[in-house]
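Comments concern the structure below.
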Amino acid sequence: MLQRGMGRLGPRNPEHDPKRVGTVFGRDHVQSNRQGYGSMSAPWKDVMLENVPTGPVAARVYNGEGLQKAAPIVLYLHGGAFLDTERAIDRPVAASLADAGAIVVAADYSSGNQNAFPQVLECAYGILAYLGNKRNMLALGGAKKSLLFVAGEESGGNVAAGVALKARDQMPGSLDGQVLISPLLDPFMGSKSFLQAEESGMRERWTEGWNRYLGFLGGVCHPYAAPRYCSRLSGLAPALVLTAEDDPLRDEGMEYGSRLKGAGVRVRQQVLPAGTGWPTIYGGQSKDKPTWQQDVCCCFRHFVEDVQA
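Numbering (my numbering), first residue to last: 248 to 556.
This is the structure we're talking about:
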């Protein structure tokens with residue numbers, strides 16, 4: 248576990264203007280809202296990221312409560328088993344991260360790329376590079392530049408891990424952390440915990456999704472497509488790996504976290520107890536009411552404190 252430090256995620260900065268976020272990140276499409284999911288209530292604004300290297304990308308920017316100068320910036324990559332093509336829908340994971348005091352950019356990195364590798368990875372990496380260039384503009388009042396994170400759940404967690412690998416190789420030192428929430432990492436779906444996939448109703452969907460993402464190009468052999476099989480993990484940004492006892496993806500996520508630790512990467516791992524409705528985080532079935540939002544918020548807040556220390 249990373250060493251805990253004093254956090255900088257305090258009360259909302261009165262100088263922060265949510266409208267400015269849309270101005271910095273791209274053309275404001277005027278649509279905005281404040282909508283909760285459970286206890287999460289981060290307001291959002293739809294924008295267009297005009298100057299991403301791979302082309303303009305639609306995004307929903309969540310402004311969390313307690314934003315300060317140099318609030319962390321998070322590129323959030325949604326899940327959906329490499330099959331999700333929905334754009335303007337609620338992203339409760341993004342809202343949970345924002346409520347930890349971050350600016351969360353939920354970018355549409357997949358729908359225009361047929362959810363296929365390498366296009367999805369290249370688009371997500373291009374968005375990260377774009378945000379890295381913009382973060383100084385969000386450091387209000389001459390504050391230190393914002394920390395930059397990439398985060399994702401399920402299939403988005405796989406892409407986030409791949410983006411972290413490419414960031415290490417192509418722009419070392421630019422990424423401050425990776426947040427992997429139940430990352431879908433094993434194309435062969437052979438872990439012991441994966442036996443629970445039938446109960447969650449996700450086995451067939453994940454099988455179809457892996458086939459869509461990897462296609463016929465042997466993508467499983469490329470470390471950016473299947474980070475679980477990457478042989479060189481040293482030098483990566485610090486990682487937060489979140490899962491739960493009743494998560495079919497628990498074993499592959501924990502194994503990857505252990506391998507990162509073995510490679511000298513700073514890692515915070517958290518396995519939440521069963522009963523939080525965790526499988527609903529990626530659209531799975533659960534008999535329990537979803538209560539994981541606050542856990543995600545709290546774990547991310549502590550991770551940011553660790554990185555800041």
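We treat Cβ as the ideally placed atom computed from N, Cα and C, and that holds for glycine.
From the listed residues 327, 342, 508, 484, the smallest Cα separation to residue 397 is found for 484. Taking the C-beta atoms as reference points, residue 409 is found no nearer than 7 Å to residue 503. Taking a contact as a CB-CB distance under 8 Å, the pair residue 526 and residue 493 counts as one, their CB atoms being some 7 Å apart. Between residue 453 and residue 434, the CB-CB gap reaches or exceeds 7 Å.
Sequence-distant Cβ neighbours of residue 438 in its own chain, meaning closer than 7 Å and more than five residues away, are 498, 499. Taken through DSSP and simplified to helix, strand or coil, residue 338 comes out as coil.
Per DSSP, residue 368 is not a residue of any beta strand (DSSP E); the alpha helix (DSSP H) it occupies stretches across 366–381. In the three-state reduction of the DSSP assignment, residue 292 falls in the strand class. One alpha carbon belongs to residue 394, the other to residue 315, and they sit about 12 Å apart. By the beta-carbon neighbour count (other beta carbons within 10 angstroms, threshold 16), residue 479 is exposed.
Spatial neighbours of residue 403 in its own chain (CB-CB distance under 7 Å, excluding positions within 5 residues in sequence) are listed in chain order as 324, 325, 326. Excluding residues up to 5 positions away in sequence, 524, 527 lie with their Cβ nearer than 6 Å to the Cβ of residue 537 in the same chain.
Taking residue 542 as reference, the option from 290, 340, 297 with the minimal CA-CA separation is 340. About 4 Å separates the CB atoms of residue 432 and residue 475; that is less than 8 Å, so the two are in contact. Partner residues in the beta bridge of residue 310, as assigned by DSSP, are 350. For the pair of segments examined, the stretch 342–354 was found to touch the stretch 371–382: the number of CB pairs separated by less than 8 Å reaches three. For residue 383, the CB contacts under 6 Å within the same chain, skipping 5 residues up- and downstream, are 392 in chain order. Ranked by how close their Cα comes to the Cα of residue 444, the residues 495, 367, 540, 511 have 495 in first place. Under the DSSP definition of a beta bridge, residue 514 partners with 486.
For residue 516, same chain residues with a beta-carbon under 7 Å away, outside a window of 5 residues either side, are 488, 501, 504 in chain order. Remark: C-beta atoms of residue 322 and residue 378 approach each other more closely than 7 Å. Residue 529: not part of any beta strand (DSSP E); DSSP gives it neither H nor E.
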